[in-house]
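Take a look at the structure set out below.
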Amino acid sequence: MKTKESAAPRFFVQPEQIEGRLARISGADVNHILKVLRLKQGDALIILDGRGKLYDAVISESGKKEVLCAIRQELAPSGQPPVKITLVQGIPKGDKMDLIIQKGTELGVSRVIPLICERAVVRLAGEKVLKRRERWQRIALEAARQCRRPDIPVICEPSDWETVLEELSPGIISVIPWEEENTKSIKEILRQQDSLNEIYVFIGPEGGFTPGEVDLARVRGVQPVTLGPRILRSETAGFAALIMILYQWGDLGGSFYG
Numbered sequence: 000m001k002t003k004e005s006a007a008p009r010f011f012v013q014p015e016q017i018e019g020r021l022a023r024i025s026g027a028d029v030n031h032i033l034k035v036l037r038l039k040q041g042d043a044l045i046i047l048d049g050r051g052k053l054y055d056a057v058i059s060e061s062g063k064k065e066v067l068c069a070i071r072q073e074l075a076p077s078g079q080p081p082v083k084i085t086l087v088q089g090i091p092k093g094d095k096m097d098l099i100i101q102k103g104t105e106l107g108v109s110r111v112i113p114l115i116c117e118r119a120v121v122r123l124a125g126e127k128v129l130k131r132r133e134r135w136q137r138i139a140l141e142a143a144r145q146c147r148r149p150d151i152p153v154i155c156e157p158s159d160w161e162t163v164l165e166e167l168s169p170g171i172i173s174v175i176p177w178e179e180e181n182t183k184s185i186k187e188i189l190r191q192q193d194s195l196n197e198i199y200v201f202i203g204p205e206g207g208f209t210p211g212e213v214d215l216a217r218v219r220g221v222q223p224v225t226l227g228p229r230i231l232r233s234e235t236a237g238f239a240a241l242i243m244i245l246y247q248w249g250d251l252g253g254s255f256y257g
């Protein structure tokens, strides 16, 4: 497997669009390849399956609806965070979720679960859920492309507390920054771990979590923590927590023993 990534243009495809040594590019990327980049048969590009695999390929055939690429070799990916972070984000109002997903993708979040909370202003139902999720997933894709991630974070459907807490497996570290917690810091939690492969981070909406929601989470093993002496906005708290986690575990310039 080649270890150095090429500087060739990068294009995400669905895993099923890669068949053996052939990859198929469709949709808006076809126009970008042919009309904007003006690539032609024999030109090199990088194919990514959105799940961490990437391939060195060349254009073998092109048409108005599809570009076929011959895969030359698989490349060793870089840019994946050392820990899988699931951000459980209370749905904020306006377009703040767009920013959270965009910047969360750049920082290295693996998955985002929009959380339906008591104090959330936004209420999604029916077609709005599908459309909003599709929009958020597109934002994650574009952010992954811009920051040269080999994978795309999964944006889940909005879920309620019971659904999210039910999926928590025993042993998975999970934290919930809360303004009423004044003693236990997220740094303390991280330094107690001999290793960290996966972590859930619960962030409240503009109005924060209710005491009842925090109690429910605590019963399921989610640990309330403080991020510091200042109250952070919903769209800031998640970034702060992500940076602390990834710095502590060596992805953003730090290390566990630093």
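Residue 0 is where the sequence shown starts when you use numbering that gives the first Met the number 0, and the numbers rise one by one after that.
Where is the CB? At the ideal position from N, CA and C, for every residue including glycine.
Small disclaimer: the values here were computed from a predicted structure and weren't measured.
Buried or exposed for residue i, going by 16 or more other Cβ atoms inside 10 Å?
i	result
residue 224	buried
residue 113	buried
residue 139	buried
residue 255	Low confidence applies to residue 255: its pLDDT is 46, below 50, so where it sits in the model is not reliable, and the reading given next is rough at best. Looking at its Cβ environment, which holds fewer than 16 other Cβ atoms inside 10 Å, residue 255 is exposed.
residue 25	exposed
residue 20	exposed
residue 248	buried
residue 49	buried
residue 210	exposed
residue 27	exposed
residue 36	exposed
In its own chain, which residues sit with a C-beta less than 6 Å from the C-beta of residue i, not counting the 5 before and 5 after it?
i	result
residue 53	45, 47, 74, 76 and 149
residue 259	Outside the displayed span of the chain (0 to 257) sits residue 259, for which this structure offers no information.
residue 43	7 and 57
Spatial neighbours of residue i within its chain, please: C-beta separation below 7 Å, excluding the five flanking residues on both sides.
i	result
residue 108	84, 86, 152 and 241
residue 41	57 and 58
residue 212	116, 117 and 160
residue 15	none
residue 226	176, 185, 236, 239 and 240
residue 136	154
residue 203	89, 116 and 233
To the nearest angstrom, report how far apart residue i and residue j are at their CA atoms.
i	j	result
residue 65	residue 34	13 Å
residue 231	residue 239	9 Å
residue 22	residue 82	29 Å
residue 38	residue 32	6 Å
residue 177	residue 191	19 Å
residue 2	residue 144	With a pLDDT of 47 at residue 2, under the threshold of 50, the modelled position of that residue is not reliable, and no figure is offered here.
residue 142	residue 205	24 Å
residue 183	residue 196	21 Å
residue 62	residue 68	12 Å
residue 162	residue 92	22 Å
residue 111	residue 99	9 Å
Can you tell which of the options has its C-alpha closest to the C-alpha of residue i?
i	options	result
residue 166	127, 199 and 145	199
residue 194	170, 201 and 183	170
residue 106	80, 119 and 43	80
residue 158	68, 20, 201 and 12	201
residue 8	29, 162 and 210	29
residue 13	111, 104, 51 and 146	51
residue 180	172, 189 and 228	228
Excluding the 5 residues preceding and the 5 following residue i in the sequence, name in chain order all residues of the same chain whose CB lies nearer than 8 Å to its CB.
i	result
residue 278	The structure shown does not extend to residue 278, since the chain spans only 0 to 257, so no value can be given for it.
residue 134	97
Would you mind giving the Cβ-Cβ distance between residue i and residue j, rounded to the nearest angstrom? I have them listed as a contact below 8 Å.
i	j	result
residue 116	residue 208	7 Å
residue 233	residue 95	7 Å
residue 156	residue 174	Between residue 174 and residue 156 the Cβ distance is about 23 Å, and since that is not below 8 Å, they are no contact.
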